[in-house]
Structures are given as C-alpha cells and as structure tokens.
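Below is one structure, written out as structure tokens; the observations come after it.
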Amino acid sequence: MAADHPPVSPPAKPSVEQPVPALPENLTQILSRAVGTGQEEVISFLCNPQVWPHAPASVEILETHMSLVFFAGDRVYKIKRAIQLKHMDMRSLAARQHFCRREVELNRLLAADVYLGCASVTRAPDGTLAIDGEGEAIEPLVVMRRLDTSQGLDQRILQDRVSAAEIDRLCALLSNFYARQPPADISGEEFLAIWHEIVGRVRTSLTDPRFALEKHLVDPPITLLTHFLETHEQMLLDLVDHGRIVDGHGDLKPEHIVMGDKLLVIDRLEFDDRLRMADPFAEITFLGLECERLGAPWIGPRLIDGLAQRLGRRPPDELLRFYRCYQACLRARLSIEHRLDPSPRTPDRWPRQTRDYLMRALPSAQP
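My numbering puts the first residue of the sequence shown at 4, with every later residue one more than the last.
Structure representation (structure tokens):
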C-alpha cells in the first residue's frame, strides 16, 4: 500500500553508537497471542524505536480486540489483527488493507486532522523490513496524530472535570453530524430483520450454559427485548420511513471523545457498515450508559434532551427504554464472549463486567 500520509524526514545519522532501546513490557504476552497469525515479525519490528523515520524515544503498544496500536512519539500507528471473528475475517492482507483505508476514510469526517493516512511495512528483496520502504507491502498501517489521552471524556469523568456546557458543545457537534448524514440505504423489512438477528445473538450468547449467567439477571431484559420486537414493529418501521436511520458512528464510547478547545470524535466503526446504521438516539443512549458506568449518570439524560431539541424530535419513552436495555445486553454479550478467546486478556474481568451491564439493563426491563 502506498503511503498517503505527510512525509517525515529521516533522523540524522548518529555520530556515536546508540544504546539498544528497551522493548515494551507487554510485548511477550502480545506475541504469544499472535502466534499463528503471521504477524509476529511485524509486531517485533514495529516495537523497535530505531526503525521509525521520526526516531521516537520509545514505543508503547496497546492491544485491543481488533487492533494493535503503537504509540511512537507524536504519532500513533495501528495494525489490524489477523484474526477471524464470527462476523469478520481479517486474516488476509487484502482485507486488512481495505479496512485500514476504510477507517481513515470514515474518521476524517469527525477528526480530519487526526487521521493522517495509511502506510505499510515493506519487505525488501533481501528480507529487510522498513516502513514505506522498497519491496513488497506486507502489513498496512493506519497513521494518526497522537492525542492527549487525559482529555478523553472517560478520563475527564473520572477526574470530575466535565461541565454541563462541555456536554452541550458535544451534543451540538453530534447533532450537526447526524443531521448531515443521509438516511441509510435500507428498507423497513431489512431493518427489522437486523434487529431480530442482533437480539437473537444476544439471547443465544447470554443464555449459553457455558457462561452460567444467573437467570434473574438475563431473563428480564431478554424478555423486554423480545416483547418489544413483537409488539412495536411499526415504531421501528416508522424510523426508516421518516429517514431517521443514518450512517452513524457505530461505537460511541467516552474514550472515543476528546474534549478541549476542539472537540474530536474518533474510532468510528469501519468493519461492518450495518453496525453504523442507527437512530442517533440509540448511539446517544449507549454513550450515556458508558458515562453512567464511569460515575456521571447526569450526562445521558442531558445528551438526550439536547439531541431532541436540536433534531426537533424525541423518541417515545418505550423506545429509549428498549435502546438502553439492548445496549446494556449487547455489551454484556461482548464481554462474556471474551471467555471463548483462546488466550483471553484479563479473564477474571469479563464475568464481572457482564453482570454489571446486566444489572444496568434490569431497571429498563421492569414493567
């Protein structure tokens, strides 16, 4: 893949021998989980500060479910993990190239000066690896400007440094984004089929006997979701008919919102276009739920009120209740399914997190 990010001047050649840089402390664990993917060599290569054109002092690596993120000085580089999940296959180079390009394309709408473009790890004929060097492109990279993580909405909430005025600014930004998005190219029948499919996945996972989740936590929200789909199909069809389902963000978490003088929203979901097709109030409900988990329950209602005022509509309470219940159950499902990973990270975390989400779904599931 040809580079499409601003060029970086190579560092000056050192006049004395440089010390061998320290590698990230978590590299061994990450490499153990990468065995069999074919990415082990690339991961080790990218962890060496000396290979980067802009010569960072050190490199840190963060592992997520979908990606490996390398923090190198004032830049961030991201590779897609060569994995296959139920509804996504990143094992081929072509797929990873496609989704790197797609991530940059989608996120430039809300954070143009953060997503700088794409680059590649290349292999020269003699086997030498380089970043955007000569030879074959063997691994695509998303290139980003490094942001101040202390300005993330999640960190600001934990530090009790979020004001109502800042949330109103965020609401205005999101409202403008949603208002500019064209209606999703989907029929009412297709939209209903998606809801039945994704609620069915939630039901199957949360009732899987391998997870042994308590019935008193699982049954009430699953009953609410199932009953809503059986009795409120027309309400969902009306959303499509009135053009209220748009191409949204897809993963609107507090850590994907950067506060400060210029508000930024990053990490718009790229790997499944259908997962971005949403009522803006469904995405805002999820953001409010995550803010509540961090200790700011006041943010969700304020966002809903602000969005309703700016978009000129407010969904019925039963629809908002359905959205919250579904979002909590979805996150419970995604949490507990980490138990099925061959080498799950922090395995003790997932059952606790699953039960926390289900407890938050329960108030929405009461008659």
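Virtual Cβ for every residue (Gly too), placed ideally from N, Cα, C.
Residue i (DSSP reduced to helix, strand or coil)
i, result
"R277", "helix"
"D250", "strand"
"M238", "helix"
"D171", "helix"
"P186", "strand"
"E63", "strand"
"V38", "coil"
"V261", "strand"
"K16", "Here the model assigns K16 a pLDDT of 41, short of 50, so the residue's position is not dependable, and the following value carries that caveat. K16: coil per DSSP, three-state reduction."
"G155", "strand"
"G120", "strand"
"P22", "Confidence at P22 is low in this model, with a pLDDT of 49, below 50, so the placement of that residue is unreliable and no value is reported for it."
"L232", "helix"
"L306", "helix"
"V268", "strand"
"N110", "helix"
"K218", "helix"
"Q162", "coil"
"T226", "helix"
"C294", "helix"
"A115", "coil"
"G372", "Only positions 4 to 370 of the chain appear in the structure, and residue 372 is not among them; the question remains open."
"T210", "coil"
"S367", "helix"
"D351", "coil"
"S178", "helix"
"S338", "helix"
"H101", "helix"
"A285", "helix"
Distance, residue j Cα to residue i Cα
i, j, result
"T229", "C294", "26 Å"
"L292", "L161", "15 Å"
"G76", "S123", "18 Å"
"T125", "F48", "11 Å"
"S338", "R204", "13 Å"
"L297", "L156", "10 Å"
"E1", "K218", "Nothing in the structure corresponds to residue 1, since the chain is present only between 4 and 370."
"N110", "D282", "19 Å"
"P212", "I287", "32 Å"
"P13", "I134", "Reliability fails at P13, whose pLDDT of 42 lies under 50, so the model's placement of it is uncertain and no value is given."
"T40", "D351", "25 Å"
"T131", "R99", "21 Å"
"D359", "L34", "31 Å"
"L310", "G253", "17 Å"
"D188", "I197", "13 Å"
"E200", "L88", "17 Å"
"R334", "F284", "17 Å"
"R148", "E28", "23 Å"
"E108", "L144", "14 Å"
"W301", "C328", "18 Å"
"I170", "N179", "14 Å"
"D308", "D222", "30 Å"
"R316", "S367", "21 Å"
"E236", "R206", "19 Å"
"G303", "D163", "16 Å"
"L176", "L314", "12 Å"
Beta-bridge partners of residue i, as assigned by DSSP
i, result
"T125", "A133, A140"
"L80", "The amino acid at residue 80 is misidentified as Leu; the sequence shows Tyr. Per DSSP, F73, V146."
"M91", "L88"
7 Å Cβ cutoff met for residue i and residue j
i, j, result
"L239", "L195", "yes"
"S70", "K83", "yes"
"R336", "S190", "no"
"Q154", "V261", "yes"
"Q312", "V249", "no"
"A97", "P224", "no"
"L306", "C121", "no"
"V146", "L112", "no"
"P52", "V38", "no"
"F231", "F325", "yes"
"M91", "A85", "no"
"L255", "L290", "yes"
"R1", "G251", "Outside the shown range of the chain (4 to 370) lies residue 1, about which nothing can therefore be said."
"A127", "E137", "yes"
"V165", "R159", "yes"
"L361", "L220", "yes"
"R36", "S346", "yes"
"C50", "L30", "yes"
>> I'd like to know if the region 236 to 244 and the region 257 to 267 are in contact, where contact means that at least 3 CB-CB pairs between them fall below 8 Å.
In response: no
>> Could you check whether the region 74 to 94 touches the region 43 to 62, counting it as contact only if at least three pairs of C-beta atoms, one from each stretch, sit closer than 8 Å?
In response: yes
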